[in-house]
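A.B. asks: Got a structure for you, questions after.
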Amino acid sequence: MEGGAGLGRAVATREHVLPLDDFARASSLGSHLAALEGRSVVLFVRDMAKAAAALIDLDGSARRIVLCPPGWAPTQLGAVVREAEADALVHDDDDAPPIAMPLAAPCGLPLQPLKTPRAASCETEWILPTSGTSGPPKLVVHTLRTLTGAIAPAALQQWATFYDIRRYGGLQIFLRALAGRGSLTLGSVDEGIDAFLIRLGRAGVTHISGTPSHWRKVLMSAEARRIDPAYVRLSGEVADDAVLAALRTLYPRARIEHAYASTEAGVAFAVDDGKAGFPAAWLENDGAVRMRIVDGALQLRSDRAALRFLGAGAPALADEEGYVDTGDMVERRGDRLFFLGRRGGIINVGGAKIHPEEVEAALNAHAAVRASRVFARANAITGALVVADVVLRDEHASEAGLEREILAACRARLPAHMTPARLRFVADLPMTGAGKLARHG
Amino acid sequence: MSARLMILDEIRAVAAQQDKTLAQLTDELPLLDSGLDSLCFAVLVARLEDITGRDPFAAAGTSRYPQTIGDLIAFYDQALV
């Protein structure tokens with residue numbers, strides 16, 4: 001990975017500081033680095049700073065890096081190891097290897113000096129898992145070239161992000177910071193927004209990225225003025241007029257952009273006119289990113305798109321013309337296009353994508369529930385909330401207390417953001433002509 | 001019911017539903033220190049919308065978000081007049 005110029009640059013979390021200048025002669029993988037050369041490596045590291053170090057270490061050396069998202073359980077690794085033909089594992093040096101592999105390399109900080117200089121280099125495949133409706137995740141294949149296609153040379157920028165760099169949105173900021181001339185400040189798992197903002201203020205951060213949900217938390221924090229950014233970026237969720245206007249008032253000096261990107265289709269565009277949606281005229285643009293709308297969904301073609309899905313029997317990522325279907329539904333109002341949500345009813349709660357079927361399965365597991373339909377309710381704090389219509393087995397059952405009981409059972413099986421915020425008891429559910437549950441979009 | 005009582009009731013209901021321990025609810029208490037997380041605030045705003053028919057957070061004229069319990073009550077008081 002070719003870093004930008006500049007001395008004293010670093011990637012910092014609350015716990016660790018990675019001096020970028022040191023990577024020429026030191027590594028987070030120590031003597032294991034040479035053994036990982038040319039391998040397909042699963043990167044399963046709990047600590048984000050260690051993950052950052054391992055990415056810098058492995059790009060250009062490993063054949064593949066499979067970047068496991070934070071919070072993955074070891075049981076999720078089997079399918080990924082198989083599909084990615086992985087023959088090595090990088091794990092947190094604080095933990096035992098989560099699965100047995102031919103080669104397991106602990107990743108630790110601070111960096112250890114290398115005895116032999118780095119041997120470069122191959123074009124490493126970066127594999128990003130994304131969640132599927134059911135079964136194993138889809139493995140999206142990128143390279144450093146596709147991941148950095150939207151990154152232009154820039155003046156000195158001190159970056160920070162509320163994201164985890166192991167997801168596409170955060171990875172973009174990680175790579176942006178490395179390609180630039182400044183440093184990057186990252187959050188820690190149990191660090192509250194107030195403490196993080198204080199740390200960002202001390203670091204002199206100028207460019208910050210997060211989801212609209214992250215930014216609404218900033219807007220509600222008494223420490224919001226610890227930072228005075230020149231650039232505020234929103235992505236990962238639909239940005240509405242209210243959050244854009246509130247950020248404009250809070251940071252009058254900042255350029256405020258909301259960006260649209262997907263793991264599969266790459267970074268498409270960023271809007272900086274302070275309004276939700278994007279100009280419909282951009283559909284006619286003949287630039288680096290071509291857009292079109294097919295059956296209400298946005299499709300994108302650019303050299304920032306992923307190369308393919310990995311694995312035997314994986315579907316094609318793009319059509320014959322090279323367009324990637326984003327699954328994001330858009331609607332034209334006047335001279336602007338607005339995002340309506342995901343096709344297939346996928347619900348985005350504060351950046352976490354939820355498949356209604358999973359929530360319905362949990363609801364339907366309750367003895368009192370005959371059927372349920374889960375859908376999104378728009379929400380100004382998290383973008384959307386999960387809500388559900390429920391048909392009871394006994395239509396004469398007392399509904400009082402039953403909502404609480406069903407939700408408590410759901411909460412025992414699902415994370416909080418997947419548990420419906422509210423239930424509505426209904427007599428029946430709408431079906432499509434094909435006898436499927438009718439969903440929006 | 002005044003906005004104050006309604007909001008405090010709903011905050012307690014959401015905290016109970018989401019298994020959160022609340023700090024003592026005073027006007028000066030920062031919302032982010034109340035014990036509620038983003039998801040709880042999202043649920044709170046939805047419940048208040050069900051009761052009042054209004055969601056001041058979604059209003060296009062919103063340029064300042066409330067930071068304390070007192071701010072939040074004033075925020076809804078203004079929206080409900």
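Residue numbers (our numbering), protein chains in the order written: chain A, 1 to 441; chain B, 1 to 81. Built from N, CA and C at the ideal position, the CB exists for glycine as well. Keep in mind the model is a prediction, meaning the values are calculated, not measured.
Does DSSP put A265(A) in a helix, a strand or coil?
C.D. replies: Reduced to three states, the DSSP call for A265(A) is coil.
A.B. asks: Thinking C-alpha only, which one of T26(B), A46(B), G53(B) is nearest I73(B)?
C.D. replies: Taking only the C-alpha atoms, the option nearest I73(B) is T26(B).
A.B. asks: Report the start-end ranges of each alpha helix (DSSP H) in the region 116-195 of chain A that is 4 residues or longer and not cut off at the edges.
C.D. replies: Qualifying alpha helix (DSSP H) stretches, in chain order: 144-147, 168-179.
A.B. asks: Going by DSSP in three states, P19(A) sits in which element: helix, strand or coil?
C.D. replies: strand
A.B. asks: Does the structure place the region 336-349 of chain A close enough to the region 95-113 of chain A that three or more beta carbon pairs sit under 8 Å?
C.D. replies: no
A.B. asks: Pop quiz: T143(A) and L307(A) are said to be a contact at Cβ under 8 Å. What is the actual Cβ separation, rounded to whole angstroms?
C.D. replies: 7 Å
A.B. asks: Is the beta carbon of Q157(A) less than 8 Å from the beta carbon of G187(A)?
C.D. replies: no
A.B. asks: Of the residues A270(A), P137(A), G236(A), which one's Cα is nearest the Cα of S262(A)?
C.D. replies: Comparing Cα positions, the closest option is G236(A).
A.B. asks: Roughly how many whole angstroms lie between the Cα atoms of A119(A) and I56(A)?
C.D. replies: 13 Å
A.B. asks: Taking CB distances under 8 Å as the criterion, tell me whether G334(A) reaches chain B.
C.D. replies: no
A.B. asks: With 8 Å as the threshold, decide whether the Cβ of A59(B) is near any Cβ in chain A.
C.D. replies: Contact of A59(B) with chain A is assigned, a C-beta pair being separated by under 8 Å.
A.B. asks: In whole angstroms, what separates the C-alpha of G350(A) from that of V243(A)?
C.D. replies: Taking the straight line from one Cα to the other gives about 13 Å.
A.B. asks: Would you kindly work out how many angstroms separate the C-alpha atoms of G441(A) and G334(A), rounded to a whole number?
C.D. replies: The predicted model places G441(A) with a pLDDT of 41, which falls under 50 and marks its position as unreliable; any figure quoted below should be read in that light. Answer to the nearest angstrom: the Cα atoms are 20 Å apart.
A.B. asks: Please identify the residue among G266(A), A270(A), E264(A) whose C-alpha is closest to the C-alpha of I256(A).
C.D. replies: A270(A)
A.B. asks: Have a look at C68(A) and V42(A) and give me their C-alpha separation to the nearest angstrom.
C.D. replies: Straight-line measurement puts the Cα of V42(A) at about 7 Å from the Cα of C68(A).
A.B. asks: In chain B, what lies closer than 8 Å to I193(A) by C-beta?
C.D. replies: L32
A.B. asks: From the DSSP output, read off the bridge partner residues of L40(A).
C.D. replies: What sits at residue 40(A) in the sequence shown is Ser, not Leu. Per DSSP, R64(A).
A.B. asks: Once DSSP output is grouped into helix, strand and coil, what is the label at Y260(A)?
C.D. replies: strand
A.B. asks: At a CB-CB cut-off below 7 Å, which residues of chain B make contact with T348(A)?
C.D. replies: Reading the sequence as shown, one finds Asn at residue 348(A) and not Thr. Here the premise fails: no neighbours, minimum Cβ distance about 12 Å.
A.B. asks: Note down, in chain order, every chain B residue with its Cβ under 8 Å from the Cβ of K217(A).
C.D. replies: L32, S38
A.B. asks: Answer yes or no: does any C-beta atom of chain D fall closer than 8 Å to that of D55(B)?
C.D. replies: Judged by its chain identifiers, the structure shown contains no chain D, and its protein chains are A and B.
A.B. asks: How many whole angstroms separate the CB atoms of D164(A) and M48(A), which I take to be in contact at a CB cut-off of 8 Å?
C.D. replies: 6 Å
A.B. asks: Is there a Cβ of chain A sitting closer than 8 Å to that of Y76(B), yes or no?
C.D. replies: no
A.B. asks: Could you pull the start and end residues of the alpha helix (DSSP H) that A361(A) belongs to?
C.D. replies: 356-364
A.B. asks: Since R377(A) meets chain B, which of its residues come closer than 7 Å, beta carbon to beta carbon?
C.D. replies: A46
A.B. asks: For the region 383-395 of chain A, list every residue whose C-beta sits within 9 Å of some C-beta in chain B, in sequence order.
C.D. replies: G383, A384, L385, V387
A.B. asks: So, are the CB atoms of E331(A) and A305(A) less than 8 Å apart?
C.D. replies: no
A.B. asks: With DSSP as the reference, label A10(A) as helix, strand or coil.
C.D. replies: Three-state result, A10(A): strand.
A.B. asks: If you draw a straight line from the alpha carbon of L36(B) to that of D19(B), how long is it in whole angstroms?
C.D. replies: About 10 Å.
A.B. asks: At the level of alpha carbons, what is the spacing between T133(A) and Q78(B)?
C.D. replies: Residue placement at T133(A) is poorly supported in this model, since its pLDDT is 49, which falls under 50; the coordinates still yield a value, given next. Distance between the alpha carbons of T133(A) and Q78(B) is about 43 Å.
A.B. asks: Is the distance from the Cβ of A54(A) to the Cβ of L18(A) below 8 Å?
C.D. replies: no
A.B. asks: Return the residue from the list L402(A), H417(A), T130(A), M418(A) that minimises the CA-CA distance to R424(A).
C.D. replies: L402(A)
A.B. asks: Give the straight-line distance between the Cα atoms of V387(A) and L414(A), rounded to the nearest whole angstrom.
C.D. replies: Their backbone Cα atoms lie some 14 Å apart in a straight line.
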